[in-house]
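A quick write-up on the structure given underneath.
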Amino acid sequence: MSLLRKVATLSLASTALLTGVFGSAALAGKSDNTIRFAYDQAPESVDPYFNNVRIGVIIGQHVWDTLVYRDPNTNEYKGQLATAWRQIDDRTLEFDLRQGVKFHNGEEFDADDVVYTMNFISKPENKVVTQANVSWVEKAEKLDKYKVRITTKQPFPAAIEYLSGPVVIHPNEYYEKVGPKGQNDKPVGSGPYKVTNYVPGKSITLEKNPDYFKDSPKPQPKIAKIDIRFIPDRQTQMAEAISGGVDFIMHVPKDQAEQLEAVPTLQVVSGETMRIVFMQMNTLENTPAPALRDERVRKAIIHAIDRESMVKSIVGAGSRVLNTICFPSQFGCTDEGATKYAYDPAKSKELLKEAGFANGLELDIVAYRERNQTEALIGYLQAVGIKTNLRFLQYAAMRESIAAGKANLTHQTWGSFSVNDTSAATSNYFGFRSEDITRDPQVRDLLTKGDTSIDPEVRKASYREALKIIADKAYAVPLYSLPVYYVATSDLTFKAYPDEMPRFWEMSWK
Amino acid sequence: MTDIALSVPTIPEPSPTMRLVRRFLGQKAFVIGAGILAVIVALAILAPLLAPHDPYTQNLALRNVPPFWYQKGSWLHPLGTDQLGRDYLSRVLYGARISLLIGVSVVLISGIIGTTLGLLAGYFGGKVDMAVTFLVTTRLSMPVILVALAVVAMVGGSLWVVILVLGLLKWDRFAVVMRSATQQVRSLDYVAAAEAAGASTTRIIVREVLPNIVPHLIVVATLEAASAILLEAALSFLGLGVQPPLPSWGLMISEAKAYMFFSFWLIAIPGSALALLIFAINLAGDGLRDVISPEGRA
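From first to last, the protein sequence lines are chains A and B.
Anchor point for the first sequence: position 28 equals 28 in UniProt numbering, and the numbering is continuous, going up by one each time.
Anchor point for the second sequence: position 80 equals 80 in UniProt numbering, and the numbering is continuous, going up by one each time.
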């Protein structure tokens with residue numbers, strides 16, 4: 001009976017909300033110059049090196065700084081903690097560092113911080129979560145107090161892109177003392193906002209850093225406080241947004257965002273993001289789903305899914321169908337020459353029959369977000385005779401199950417840490433890293449060549465070849481890019497960027 | 001003489017069956033409950049004939065169509081469509097099958113386990129009774145929903161896993177009621193008579209005791225069926241029960257949750273269906289108890 005009661009209460013509550021609260025709220029944020037931001041996942045750690053969820057990236061860019069900054073409007077690289085840099089040889093970059101920058105705890109920023117951070121993250125035993133972001137670093141050395149050299153293991157053309165994104169600089173004295181655990185308990189960076197209160201799994205409060213250095217390409221923040229609450233339930237987030245309890249939510253599903261547009265106190269802003277959606281298929285030697293080792297089955301799966309319709313109807317504005325596992329704006333990403341699979345359920349059934357599954361087959365699918373899209377995928381697979389068991393998990397649990405080789409099919413999304421280079425996308429899933437569940441050495445070698453060659457043409461050719469093999473052998477199902485819908489209080493001025501990064505430091509009130 | 005004989009009105013003696021039928025019909029609660037239940041069962045069985053569409057066919061071009069009484073609705077999809085464009089009426093009809101299947105199968109499994117244990121404990125008493133009582137206590141100390149969640153999370157959810165888990169967990173009430181009912185019957189004269197006549201233990205349990213506790217069994221079964229259906233809905237709502245795209249009412253409520261603010265019918269329709277079914281089963285069960293138990297007889 002408890003379920004019924006819950007349903008009854010909920011529907012009553014929603015009616016009350018709709019009739020009572022419209023129009024009365026939303027002044028709270030502006031009046032105390034605070035943005036209340038609700039997000040559905042909590043990071044495993046606030047330290048940007050020890051989580052790989054979007055909210056971690058968002059907090060990372062607000063609390064910490066990077067050596068280089070990529071202007072999201074022009075994609076131009078600007079000096080942030082570095083003022084100038086030059087390529088010394090194929091594997092060496094030299095940086096002049098900014099003087100007079102202070103971390104939130106008063107520690108002065110200098111070459112030691114850069115050297116310590118780079119050397120710390122480059123060591124595999126320190127277990128940075130996304131190795132792709134850091135494994136290219138060999139070492140860093142101090143030339144003088146404001147000059148460092150960073151050496152890469154191999155020629156690594158995308159280095160500046162990484163140094164402007166996920167590779168933040170930690171204060172060396174503090175970090176040495178407290179380590180990643182302490183940096184999570186009491187985070188200290190040099191960014192435009194500092195953490196003033198953090199309750200793991202529940203909320204984190206960022207306050208404007210009044211001493212933020214004036215020459216930073218990130219403008220001085222205007223909003224005094226960002227109150228981030230982790231609210232896993234989308235309905236609660238929406239209720240809070242309607243009633244003015246939160247000022248900013250993101251990743252709102254298309255249908256709900258369209259409905260919220262009707263609420264006068266709210267505005268809906270959307271745009272395409274770099275986040276790609278795809279399905280992985282476990283073809284490893286010891287795969288729990290041996291059927292997936294058959295190329296025909298994999299092709300049948302791709303043919304079964306009507307990506308065009310999904311994009312048009314349930315994914316939303318700004319999304320596009322992909323044919324390769326990377327985002328089109330990323331350097332080296334292309335679908336030239338790659339096999340494209342049209343929606344063709346008849347052919348799909350045909351292929352399954354050829355492969356000996358005329359009576360259908362049963363597969364597990366793991367997923368962690370956009371459940372309505374997962375269910376559409378399941379519906380399409382069901383229509384050609386593939387029954388699925390859905391395991392809808394938290395991201396960390398899903399990643400673990402993939403890394404352990406236990407997954408069959410995955411409904412995966414990847415935002416590349418907003419790095420505009422194919423090395424941040426394709427290589428992460430096909431370069432023999434933990435979540436690679438296809439492991440084709442030929443693909444790996446091509447990707448490595450692309451990741452480590454200096455000549456842009458060589459890079460492009462290697463990525464093209466790798467992406468072509470992935471598509472031709474149907475190692476994964478490329479689906480579409482994801483749009484992001486932000487719903488915010490109508491008096492906030494902000495812009496949606498394709499890197500899925502709300503930049504609170506440049507937001508202001510109308 | 002003949003005149004007088006004719007003038008005596010003959011009162012026909014009703015047969016025992018007729019008396020039972022009348023007693024049932026006298027119970028309004030039972031009539032209403034059983035009536036609704038019969039309709040739902042009929043709808044479920046005839047779903048393939050009645051459903052206007054295939055409940056699995058998704059049509060992304062026709063998503064979130066409201067029911068017919070809205071301006072944008074149409075009779076093509078009387079109750080509208082869900083977020084993947086599947087016909088809602090068809091899914092609700094097929095959902096009844098899942099709920100009833102769960103209710104009946106769980107009661108079958110748990111009923112067999114519970115009744116066997118209860119009969120043994122009640123009939124033999126002593127050590128057997130102690131062992132069964134211990135089992136029941138152990139079982140009662142485990143919260144059903146928690147154990148079910150844990151098991152389903154470990155082995156993965158599917159219709160049969162849910163049925164098995166609930167069936168293997170929900171036998172406690174059967175065991176308790178059957179045990180005390182058997183204890184009562186055990187001391188009655190006809191059991192003693194059967195023993196004196198040299199009937200075997202099995203024969204006494206199956207032929208003398210069991211038929212006389214069946215009424216209790218039926219009442220417990222209705223209660224348990226209702227609770228199993230609710231538990232399945234709860235598990236599916238949490239994403240750990242029946243797998244999509246199967247049209248389980250709990251799953252439909254869970255999927256509709258995202259649309260609650262602006263399209264309440266998506267959650268209200270399967271919710272009411274579920275409420276109605278549970279209501280009907282409980283009403284029928286209650287009425288049945290009143291009809292069967294001597295205290296309830298007028």
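Virtual Cβ for every residue (Gly too), placed ideally from N, Cα, C.
Predicted, not measured: the structure shown is a model, and the values here were computed from it.
Short Cβ contact (8 Å threshold) for residue i with residue j
{"i": "I365 of chain A", "j": "F430 of chain A", "result": "no"}
{"i": "R307 of chain A", "j": "Y343 of chain A", "result": "yes"}
{"i": "T422 of chain A", "j": "Q330 of chain A", "result": "yes"}
{"i": "V443 of chain A", "j": "A466 of chain A", "result": "yes"}
{"i": "P478 of chain A", "j": "T273 of chain A", "result": "no"}
{"i": "F50 of chain A", "j": "I228 of chain A", "result": "no"}
{"i": "A114 of chain A", "j": "V137 of chain A", "result": "Note that residue 114 of chain A is Val in the sequence shown here, rather than Ala. No; because the gap between Cβ atoms is not below 8 Å, this pair is not in contact."}
{"i": "I378 of chain A", "j": "P245 of chain B", "result": "yes"}
{"i": "V136 of chain B", "j": "V176 of chain B", "result": "yes"}
{"i": "K225 of chain A", "j": "N33 of chain A", "result": "yes"}
{"i": "G332 of chain A", "j": "Y198 of chain A", "result": "no"}
{"i": "V219 of chain B", "j": "L140 of chain B", "result": "no"}
{"i": "V132 of chain B", "j": "G241 of chain B", "result": "no"}
{"i": "G33 of chain B", "j": "A225 of chain B", "result": "no"}
{"i": "G189 of chain A", "j": "V168 of chain A", "result": "yes"}
{"i": "I253 of chain B", "j": "I267 of chain B", "result": "yes"}
{"i": "K145 of chain A", "j": "D96 of chain A", "result": "no"}
{"i": "V92 of chain B", "j": "P270 of chain B", "result": "yes"}
Residues of its chain near residue i, where Cβ-Cβ distance is below 8 Å and the 5 sequence neighbours each way are ignored
{"i": "M507 of chain A", "result": "I35, K222, I223, L492, T493 and F494"}
{"i": "D233 of chain A", "result": "D40"}
{"i": "Y116 of chain A", "result": "H170, N172, Y175 and E176"}
{"i": "residue 299 of chain B", "result": "Here chain B has residues from 1 to 298 only, and residue 299 of chain B is not among them."}
{"i": "V7 of chain A", "result": "Because V7 of chain A sits at a pLDDT of 48, beneath the cut-off of 50, its placement in the model cannot be relied upon, and the point is left open."}
{"i": "F120 of chain A", "result": "N126, H170 and Y175"}
Where residue i meets chain A, residues with beta-carbon distance less than 9 Å
{"i": "R63 of chain B", "result": "D255, S313 and I314"}
Cβ neighbours of residue i in the same chain (closer than 6 Å, five flanking residues each side left out)
{"i": "T438 of chain A", "result": "T283 and Y475"}
{"i": "K347 of chain A", "result": "H303"}
{"i": "I113 of chain B", "result": "W171"}
Neighbour list for residue i in chain A, Cβ cutoff strictly below 7 Å
{"i": "G239 of chain B", "result": "F392"}
{"i": "F262 of chain B", "result": "Q259"}
Contacts that residue i makes with chain B (C-beta to C-beta distance below 7 Å)
{"i": "R234 of chain A", "result": "A258"}
{"i": "I378 of chain A", "result": "P244 and P245"}
Contacting residues, own chain, Cβ-Cβ under 7 Å from residue i (five flanking each side not counted)
{"i": "T182 of chain B", "result": "G118, L119, G122, Y123, V209 and I213"}
{"i": "V321 of chain A", "result": "R307, E308, V311 and Y480"}
{"i": "A25 of chain A", "result": "With a pLDDT of 44 at A25 of chain A, under the threshold of 50, the predicted position of this residue should be treated as unreliable, though the coordinate-derived value follows. Around A25 of chain A: S243, G244 and T265."}
{"i": "L79 of chain B", "result": "P67, Y88, L89, V92 and I269"}
Beta-carbon neighbours of residue i, restricted to chain B and to distances below 9 Å
{"i": "N372 of chain A", "result": "Q83, L84, E255 and A258"}
{"i": "E375 of chain A", "result": "Q58, Q83, L84, P244, P245 and E255"}
DSSP bridge partner residues for residue i (one or two, in chain order)
{"i": "F24 of chain B", "result": "DSSP lists no partner for F24 of chain B."}
{"i": "F262 of chain B", "result": "Looking at the DSSP assignment, F262 of chain B forms no beta bridge with any residue, so it has no partner."}
{"i": "Q87 of chain A", "result": "A:L93"}
{"i": "W509 of chain A", "result": "A:L492"}
{"i": "residue 513 of chain A", "result": "What is shown of chain A runs 1 to 510, which leaves residue 513 of chain A out entirely."}
{"i": "V277 of chain A", "result": "A:T413 and A:Y480"}
{"i": "S180 of chain B", "result": "Answer is none; S180 of chain B lacks a bridge partner."}
{"i": "residue 526 of chain A", "result": "Outside the shown range of chain A (1 to 510) lies residue 526 of chain A, about which nothing can therefore be said."}
{"i": "A140 of chain A", "result": "A:I150"}
{"i": "Y39 of chain A", "result": "A:F230"}
{"i": "L366 of chain A", "result": "Checking the sequence, you will find Val at residue 366 of chain A rather than Leu. DSSP lists A:R391 and A:T410 as partners of V366 of chain A."}
{"i": "V41 of chain B", "result": "Its beta-bridge partners do not exist; DSSP assigns none."}
Chain-ordered neighbours of residue i on chain B, where CB pairs are closer than 8 Å
{"i": "S243 of chain A", "result": "The contacting residues do not exist; S243 of chain A stays about 11 Å from chain B at best."}
{"i": "M310 of chain A", "result": "L60"}
{"i": "M238 of chain A", "result": "F261"}
{"i": "Q267 of chain A", "result": "Per Cβ cutoff of 8 Å: no residues; Q267 of chain A is ~17 Å from chain B at best."}
{"i": "Q382 of chain A", "result": "Y56 and P245"}
Neighbouring residues, chain A, relative to residue i (Cβ below 8 Å)
{"i": "S90 of chain B", "result": "Simply none; closest approach about 14 Å."}
{"i": "G156 of chain B", "result": "D364, N389 and R391"}
**Request:** Ignoring anything shorter than 3 residues or poking outside the region 395–423 of chain A, list the beta strand (DSSP E) runs there in chain order.
**Result:** The qualifying runs are 409–414.
**Prompt:** What are the residues of the region 384–417 of chain A that lie near chain D, defined by any Cβ-Cβ distance shorter than 8 Å?
**Reply:** Looking for chain D here will not work: the only protein chains present are A and B.
**Prompt:** In the region 187–265 of chain A, which residue ranges form an unbroken alpha helix (DSSP H) of at least 4 residues, counting only runs that do not cross its ends?
**Reply:** You should have 234–243 and 254–260.
**Request:** Write down every uninterrupted run of the alpha helix (DSSP H) in the region 82–149 of chain B whose length is 4 residues or greater and which is fully enclosed by it, in chain order.
**Result:** For the region 82–149 of chain B, whole alpha helix (DSSP H) runs of length 4 or above, ordered along the chain, are 88–124 and 126–140.
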